[in-house]
Amino acid sequence: MMPSPTDLPLVLHPRVISGQGGGPEKTILNSPRFLEPLGYQAACLYLRDPHDDGFEIIRQRAGQTHAPLIEIDDFGLRDWKIVGRCKAAVEETLKRFSADDDFIWHGHDYKSNLIGLLLRKSFPKMQLVSTVHGWGQRTWKTPIYFAIDRWCLKRYQQVICVSQDLYQDCQKLGLPETRLSLIDNAIALGDYQVDYSQADAKQQLGLNEDAFLIAGVGRLSDEKGFDLLIQAIAELSQSGKNVALRIAGDGAFRDALQQQIDQLNLGNRIELLGFVADPRLLYQACDTFVLSSFREGLPNVLLEAMAMKRPVVSTRVAGIPKLVVDGDNGILIHSGDHKQIKDAVQIMLEDPETRQRIAASGYETVSSKFSFQVRMDKIAAIYKKLSTTPFDCP
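Position one of the sequence shown corresponds to residue 0 (numbering that gives the first Met the number 0), numbered consecutively onward.
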């Protein structure tokens, strides 16, 4: 979908992606509809492998959020022609939006940050902004990506971090506070209202209403700690508790996690759902949401669970203690310890009053402090500042 031409300044949100993407998509694809009332038109430029069938999910999400989506073929790390294709895509997008060449390039990863710097030779009036979402999955390529991103971020006019630890990392790079902002992730509360009950949701997942359901959502990779969550639920089940676990997500660790479930002989209680385009059904069905990660920024999944009035248990990592206050709107535990997960879930299972109080407090936290509208007001203020600040990055 492309908007009709306007006089509003244009923001381009480039992002490199494989498959269905991750948490940043919830921010990027929601941005255009919130930016327009604030005086900006926006489009999402996604660099993807044209043979990646998983990208169809992004097309569907873009349609649901009315986000203008521009697709650019990307053939990997050695595809140096990508810069030329991005240049052509930008030129075509400027024409479609009737936009001037002093648009904003708002990158969301190392590659889009690098391409933005390279494109500035062709678009010298272009303004450069980047959001640091965090570097979760570690591979042999990760140090290369880190090095590129460090080099790029030092040359961007404004850098936005979604958690305190990422802000501190950027400070260590030497970025001055005048070019650095901390803006938490947020969600559009209205997107998390459903018209069916928890009992109906459990039924749709094939569960009895009396089963105590724990939910996990995220990429199936080592930093998410899903193996510890599975072990915790296994021990609760073995002690006679009527518990069930459903994990939504896909990734490289799926086979290992399934093997763990099979070895524990808990296929009737624990299920890997694979990628779930709309996890609201799982949130609505669950009695407690658990985040067992070793590394995170400020994860959208916690915000989503709290927005759906579900009590949360989370590891005490990165920006999470800024969101979750232990014993108030959630239970915080140390990472890497399945017994702490087990104990926290058992508290939720055995104490309905605590569960209800934490769920209500969590919803109040999200609605009052993590509104997507408030977040986009802050983003728009950064964009406005660009027009009055000379481009003096090294």
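Cβ atoms here follow ideal geometry from the backbone N, Cα and C, with glycine treated the same way.
Remember, predicted model here, so these are calculated numbers, not experimental data.
*Tell me where the alpha helix (DSSP H) around F369 begins and ends.*
From DSSP, F369 is part of no alpha helix (DSSP H); its letter is neither H nor E.
*With burial defined as no fewer than 16 other Cβ atoms inside 10 Å of the residue's Cβ, what is the status of P351: buried or exposed?*
Counting Cβ neighbours within 10 Å, P351 comes out exposed, since fewer than 16 surround it.
_Cβ shell of I159 (< 6 Å), same chain only, five flanking positions each side left out_ = Cβ neighbours of I159 beyond the five flanking positions: T130, S180, I182.
*Report, in whole angstroms, the separation of the C-beta atoms of H132 and G53, which I expect to be a contact under 8 Å.*
Not quite, the Cβ-Cβ distance comes to about 19 Å (not below 8 Å), so this is no contact.
_Under 8 Å between C-beta atoms of P49 and I114_ = The answer is no: Cβ separation not under 8 Å.
*Could you check what DSSP says for G335 in three-state terms: helix, strand or coil?*
Assignment of G335 by DSSP, reduced to helix, strand and coil, places it in the coil class.
*asked:* Given a cut-off of 8 Å on the beta-carbon distance, is the pair I340 and I346 in contact?
replied: Remark: C-beta atoms of I340 and I346 do not approach each other more closely than 8 Å.
*Using CA coordinates, which residue listed in A380, L76, V161, F288 is at the minimum distance from V242?*
The option with the nearest alpha carbon to V242 is F288.
*L116 and C85: beta carbons closer than 8 Å?*
Contact flag unset, no.
*May I ask which residues mark the beginning and end of the alpha helix (DSSP H) holding G62?*
Per DSSP, G62 belongs to the alpha helix (DSSP H) from 55 to 64.
*When you compare each of M307, L290, M375, H337 to D194 by their alpha carbons, which one comes out closest?*
The residue with the shortest Cα to Cα distance from D194 is M307.
*For R315, which of helix, strand or coil comes out of DSSP?*
Here DSSP, grouped into helix, strand and coil, assigns R315 to coil.
*Nearest-angstrom beta carbon gap, L322 and L297 [assumed within contact, 8 Å]*: L297 to L322, Cβ: 6 Å. Contact.
*Can you name, in chain order, every residue of its own chain whose Cβ lies under 8 Å from the Cβ of L152, other than the five neighbours on each side?*
These residues qualify, in order along the chain: N112, S129, V131, V158, C169, L172, L174.
*Smallest Cα separation from L228: which of P36, W79, V344, V316?*
It is V344.
*Along the beta strand (DSSP E) that carries R47, what are the first and last residues, could you check?*
Counting along the chain, the beta strand (DSSP E) containing R47 begins and ends at 40 to 47.
*Have a look at P67 and E35 and give me their C-alpha separation to the nearest angstrom.*
Between P67 and E35, the alpha-carbon positions lie close to 12 Å from each other.
_Check whether I319 and L302 have beta carbons under 8 Å apart_ = Taking 8 Å as the Cβ cut-off, I319 and L302 do not qualify as a contacting pair.
*Go ahead and pull the three-state DSSP assignment for L263.*
Under the three-state reduction of DSSP output, L263 falls in the coil class, being neither helix nor strand.
*asked:* According to DSSP, is L7 part of a helix, a strand, or is it coil?
replied: DSSP places L7 in coil when its eight states are reduced to three.
*Endpoints, alpha helix (DSSP H) assigned at D164*: Element bounds for D164: 163 to 171.
*Does the distance from the CB of M375 to the CB of F33 come in under 8 Å?*
Going by beta carbons, M375 and F33 fall inside the 8 Å limit.
*With a threshold of 16 other CB atoms inside 10 Å of the CB of T26, please say whether the residue is buried or exposed.*
Result: buried.
_Selection from S360, N328, V89, A276 that minimises the alpha carbon distance to E55_ = Ranked by Cα distance from E55, the options S360, N328, V89, A276 are led by A276.
*Flag this pair as yes or no: are the beta carbons of F293 and G239 separated by less than 8 Å?*
No, these two residues do not count as a Cβ contact at 8 Å.
*Identity of the residues DSSP links to V158 by a beta bridge*: According to DSSP, which records beta bridges pairwise, V158 is partnered with S129, L179.
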